[in-house]
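Chains as they are written, first to last, in our numbering: chain Y, 1 to 360; chain W, 1001 to 1360.
Here's the structure, in structure tokens; my notes come after.
2 protein chains.
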Amino acid sequence: MWYTENGNMGDVVLSTRVRLARNIASIPFAPRMTKKNQGDVIEKCRKAFEGDKDMKFIDISSMRDYERQALAEKHIISPEMVSSTRRTGLLLSGDERAAIMLNEEDHIRIQYMSSGLDRNCLVEANRLDDKLEASVDFAFDPQIGYLTCCPTNVGTGMRASVMVFLPAMVMSNSADRIFRSLSTLGMTVRGLYGEGSNSAGNIFQISNQVTLGVSEEEIWNKLEQITGEIVEKERELRKKLYENSKYETEDRVLRSLGILTNARLMSGQEALARLSDVRLGISLGIIKDVSVEKLNEVMYHTFPATIVNTFNIFSARERDLKRAEITKELTKAPCSDDLNGSNKENKAAGYAEQGDDLNA
Amino acid sequence: MWYTENGNMGDVVLSTRVRLARNIASIPFAPRMTKKNQGDVIEKCRKAFEGDKDMKFIDISSMRDYERQALAEKHIISPEMVSSTRRTGLLLSGDERAAIMLNEEDHIRIQYMSSGLDRNCLVEANRLDDKLEASVDFAFDPQIGYLTCCPTNVGTGMRASVMVFLPAMVMSNSADRIFRSLSTLGMTVRGLYGEGSNSAGNIFQISNQVTLGVSEEEIWNKLEQITGEIVEKERELRKKLYENSKYETEDRVLRSLGILTNARLMSGQEALARLSDVRLGISLGIIKDVSVEKLNEVMYHTFPATIVNTFNIFSARERDLKRAEITKELTKAPCSDDLNGSNKENKAAGYAEQGDDLNA
């Protein structure tokens, strides 16, 4: 799957996502929608992809909480959609790069994701947009652009974001200062699954704040430029960190690997923190027998709902046991069936792609 | 070497030592000795073992501090002898079980050491005693017994001790209570290298307090009996610990193994604590790929003065680096040359057995 790949500038940039917010002109916006309207949105969009063998429809409304959560852990759906009581749906490509959320805040949220820093996300999101627009009439104002539920999305309706791994910025206490300067440049920074610079795993999302009065190209170019600068800064800080505290850095990184591959119980929080150390260790050349792909695979498999979903494990304690088994895989051969469980039940629940999904 | 062996009741009893305090009748006791008297003690005792190819004389007075300390780390000489300004010497057998300290508190301290609980220590100490007595006239009173420098040793002059590993007693907070009851039975308990129940590594020395008005046999039998009870209690507590917190115990033990075999920096204190976890793990059958012999070998090699002595490393930081290399050996093949360095200099300093010594 794309989210285990080591992409462009992969030592710092884990992934790129371009998201376009769209609404259907003939249907009321979310706050005023009836159940029937919600059904219509889903109907129209499914029709737009009829005959497309790659884009499968998933009925999010009928999924269990942990199944939704597992999708959110991979950023395929938004946290908002996990708890939504609307009739929600998802059009998802086989490779899980293209994901069109239906009845999230807007009628339609087109997403395209890729590993590393990848301009292709913009190209592909636009392609999905064109495909929808061929059969659906979007709410559009010639002066303003695309109309959206929340005014912060009006105009292009585009949010381009990168997930960046910034351990050296955090360790050197320069993250907060750099994040503040980013916000003066019209960028927003969030933790992996929430706000603030206290992100477990030292993973942050950087995205554009402004969607109005700029073109999609301009939004992308700015993100690309700023990301490039962040990458340079982080690389420089890592180099400095390693030069100034060679043995302490090696010790930290190698202990984390030792614990991940030996512990019997592992919380999600600890796994994320220690995997962050291992990722740093790989990028500094300290750890050579773990690939970034393997690390990514293991990281996604340690997320709580993903464990529930893959192994039908509902107790937190048993998840900690299972998670410790999963992190042991780090130093084993690149592809392991052990991580994938055999969760027939979820398929019955309507999430047909389930089996492949977790076969990272 | 004997101290890496896994002896009788080796899951709890690391080693046994029998020590006999003796003084030469014609020479003043320690506080009143001249340098010449000290030389005479050494002379007479060396003569008693003349022609004995196994017992080598080592001139402790001419050794460097860390060389003496390295001997003390293996309990071959006492901590008092490390800092002594007297002319001190040692008669040491090739297998390092028999060690006769000269000009410690008493003129002569005969020691015999063995792994596990081993009555043979008494037999062998008596044999050494007889051998000395054949040519040296001991200070002896028919009413009281052997006369010693400190009144607490008068009588038999015998101290029998066992080193016991009591992690479950410590974890269950029952160590202090049990140690107090031992003292009412005339036994003394100390930490591995000092007083108190706060011993790093959960290793304690139990020895007889009373030396007067009892026979050597009685002293031994009592120690043997009490040690047997301690062993039973500790085994029972370990079983209970593992039953009550299976995963937490496995987690603790396996994390320690993971850290010992992966860390880049390792302090002596941490090594001792984590090796204690591994020892517990071996005894509970959690860790199967580390032998007790290997564990003992690694433990002795991590002691600070032993590292100085083996590798000529004088900086604490570099010792922490070397120690982390040493603990990595835990899961490697049983015999490794890497631990033994090549310290020619010490041989020149008069400690001829040095090279073999650390070849555990």
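Note that CB positions come from ideal geometry on N, CA and C, so glycine has one too.
Keeping to the same chain, check which residues put their C-beta closer than 6 Å to that of residue i; ignore five residues upstream and five downstream.
| i | result |
| --- | --- |
| ALA139 of chain Y | ASN23, ALA25, LEU147 |
| ALA1125 of chain W | VAL1018, LEU1020, ILE1110, TYR1112 |
| ILE42 of chain Y | GLY89, LEU102 |
| GLU73 of chain Y | PHE303, ALA305, THR306 |
| LYS1222 of chain W | none |
| ASP54 of chain Y | SER93, GLY94 |
| ARG1190 of chain W | GLN1205 |
| GLU345 of chain Y | Its pLDDT being 42, under 50, GLU345 of chain Y is placed unreliably by the model, and nothing is read from it. |
| GLU1216 of chain W | THR1156, MET1158 |
| GLY1350 of chain W | Confidence is the limiting factor: at GLY1350 of chain W the pLDDT is only 36, short of 50, which leaves the residue's position unreliable and the question unanswerable from this model. |
| GLN38 of chain Y | ARG86, ARG87, ASN103 |
Could you pull out every residue in the same chain whose Cβ sits closer than 7 Å to the Cβ of residue i, ignoring the five residues on either side in sequence?
| i | result |
| --- | --- |
| GLU250 of chain Y | ILE286 |
| VAL1292 of chain W | ASN1006, GLY1010, ILE1282 |
| TRP220 of chain Y | ARG119, LEU122, ALA160 |
| ASP320 of chain Y | LEU265, MET266, SER267 |
| TRP2 of chain Y | ASP95, GLU96, ARG97, MET113, SER114, SER115 |
| GLN1209 of chain W | GLY1186, MET1187, THR1188 |
| ILE313 of chain Y | ILE307, ARG319, LYS322 |
| SER336 of chain Y | Because SER336 of chain Y carries a pLDDT of 49, less than 50, the predicted location of this residue cannot be relied on, and the following value inherits that uncertainty. Excluding sequence neighbours, SER336 of chain Y sits near GLU329. |
| SER135 of chain Y | LYS47, ALA48 |
| ASP1277 of chain W | ARG1252, VAL1253, SER1256 |
| ASP137 of chain Y | ILE24, ALA25, SER26 |
Between the Cα of residue i and those of the options, spot the shortest distance and give me the residue it belongs to.
| i | options | result |
| --- | --- | --- |
| ARG17 of chain Y | Y:ILE178, Y:GLY191, Y:ASP118, Y:ALA271 | Y:ASP118 |
| LEU1265 of chain W | W:GLY1213, W:VAL1308, W:LYS1322 | W:LYS1322 |
| GLU374 of chain Y | Y:ALA48, Y:VAL154, Y:CYS149 | In this structure chain Y extends from 1 to 360, so residue 374 of chain Y is not present and cannot be described. |
| PRO1142 of chain W | W:LEU1237, W:GLY1213, W:PRO1304, W:TYR1300 | W:GLY1213 |
| ASN202 of chain Y | Y:LEU275, Y:GLU50, Y:GLY258, Y:SER83 | Y:LEU275 |
| LYS294 of chain Y | Y:LYS328, Y:ILE313, Y:THR306 | Y:LYS328 |
| SER1181 of chain W | W:GLY1191, W:ILE1206, W:SER1172 | W:ILE1206 |
| GLY157 of chain Y | Y:ASP106, Y:PHE179, Y:ARG127 | Y:ASP106 |
| ALA168 of chain Y | Y:GLU217, Y:GLU67, Y:LYS35, Y:LEU237 | Y:LEU237 |
| ARG255 of chain Y | W:ALA1324, W:GLU1232, W:ILE1307 | W:ALA1324 |
| ALA70 of chain Y | Y:ALA305, Y:GLU80, Y:ASP130 | Y:ALA305 |
| ALA1273 of chain W | W:LYS1288, W:SER1215, W:LEU1284, W:VAL1253 | W:VAL1253 |
| GLU232 of chain Y | Y:SER215, Y:GLY258, Y:ILE76, Y:LEU166 | Y:LEU166 |
| ASN1262 of chain W | W:SER1315, W:LEU1330, W:SER1135 | W:LEU1330 |
| ASP65 of chain Y | Y:ASP52, Y:GLU217, Y:GLU50, Y:SER84 | Y:SER84 |
| ILE144 of chain Y | Y:PRO151, Y:SER135, Y:GLY155, Y:VAL136 | Y:GLY155 |
| ARG317 of chain Y | W:ALA1316, W:TYR1247, W:LEU1260, W:GLY1051 | W:TYR1247 |
| LEU280 of chain Y | Y:TYR300, Y:GLU234, Y:GLU297 | Y:GLU234 |
| LYS288 of chain Y | Y:ASN309, Y:LYS332, Y:MET299 | Y:LYS332 |
| LYS1131 of chain W | W:CYS1045, W:PRO1151, W:SER1199 | W:CYS1045 |
| PRO1151 of chain W | W:MET1299, W:ASN1309, W:THR1211, W:ARG1127 | W:THR1211 |
Can you find the residues in the same chain that come closer than 8 Å, C-beta to C-beta, to residue i, ignoring five residues on each side of it along the sequence?
| i | result |
| --- | --- |
| GLY116 of chain Y | GLU5, ASN6, GLY7, ASN8, MET9, GLY10, VAL13, LEU14, SER15, THR16 |
| CYS149 of chain Y | ALA21, ASN23, PHE29, ALA30, PRO31, GLU105, ASP106 |
| LEU284 of chain Y | ARG238, TYR242, THR249, VAL253 |
| SER197 of chain Y | At SER197 of chain Y, the pLDDT of 47 sits below 50, so the modelled position is not reliable; the number obtained from the coordinates is stated separately. Only VAL170, ALA175, ASP176, PHE179, VAL189, GLY191, PHE204 meet the Cβ criterion. |
| GLU1080 of chain W | GLU1104, GLU1105 |
Original post:
Can you list, in chain order, the residues of the stretch 98-127 of chain Y whose Cβ is nearer than 7 Å to any Cβ on chain W?
Top reply: none
Subject >> Positions along the stretch 1258-1277 of chain W whose CB lies within less than 9 Å of some CB in chain Y >> reply: GLY1258, ILE1259, LEU1260, THR1261, ASN1262, ALA1263, ARG1264, LEU1265, MET1266
Subject >> Sequence ranges, beta strand (DSSP E) only - wholly within the stretch 190-260 of chain Y, length at least 3 >> reply: 203-208
Subject >> Uninterrupted beta strand (DSSP E) stretches inside the stretch 277-319 of chain Y (no shorter than 3 residues) >> reply: List check, beta strand (DSSP E) in window: nothing returned.
Subject >> Cβ pair count under 8 Å reaching 3, the stretch 1084-1097 of chain W against the stretch 1052-1064 of chain W >> reply: yes
Original post:
Are the stretch 184-193 of chain Y and the stretch 237-253 of chain Y touching, with three or more C-beta to C-beta distances below 8 Å?
Top reply: The stretch 184-193 of chain Y is not in contact with the stretch 237-253 of chain Y.
Original post:
If contact means a Cβ-Cβ distance below 8 Å, which residues of the stretch 1052-1068 of chain W contact chain Y?
Top reply: none
Subject >> Contiguous beta strand (DSSP E) assignments of at least 3 residues, all confined to the stretch 1002-1042 of chain W >> reply: 1013-1022
Subject >> Secondary structure, beta strand (DSSP E): runs of 3+ residues fully inside the stretch 65-94 of chain Y >> reply: 89-92
**OP:** Taking only runs that begin and end inside the stretch 1095-1146 of chain W, name each unbroken alpha helix (DSSP H) of 4 or more residues, in chain order.
**Re:** 1120-1133
Original post:
Is it a yes or a no for the stretch 216-235 of chain Y touching the stretch 156-174 of chain Y, going by three-plus beta-carbon pairs under 8 Å?
Top reply: yes
Subject >> Interfacial residues, the stretch 1300-1332 of chain W to chain Y, with Cβ spacing under 9 Å >> reply: ARG1317, ASP1320, LEU1321, ALA1324
Original post:
Of the residues that make up the stretch 1217-1249 of chain W, which ones have a beta carbon closer than 8 Å to any beta carbon in chain Y?
Top reply: Result list: TYR1247, GLU1248.
**OP:** Select from the stretch 280-292 of chain Y all residues with a C-beta closer than 7 Å to any C-beta belonging to chain W, and list them in chain order.
**Re:** none
Original post:
Relative to chain Y, which residues along the stretch 1041-1052 of chain W have a C-beta separation below 7 Å, given in chain order?
Top reply: none
Original post:
Going along the chain, which residues of the stretch 158-172 of chain Y sit with their C-beta nearer than 9 Å to a C-beta in chain W?
Top reply: none
Original post:
Just by C-beta distance, which residues in the stretch 1021-1032 of chain W are closer than 7 Å to chain Y?
Top reply: none
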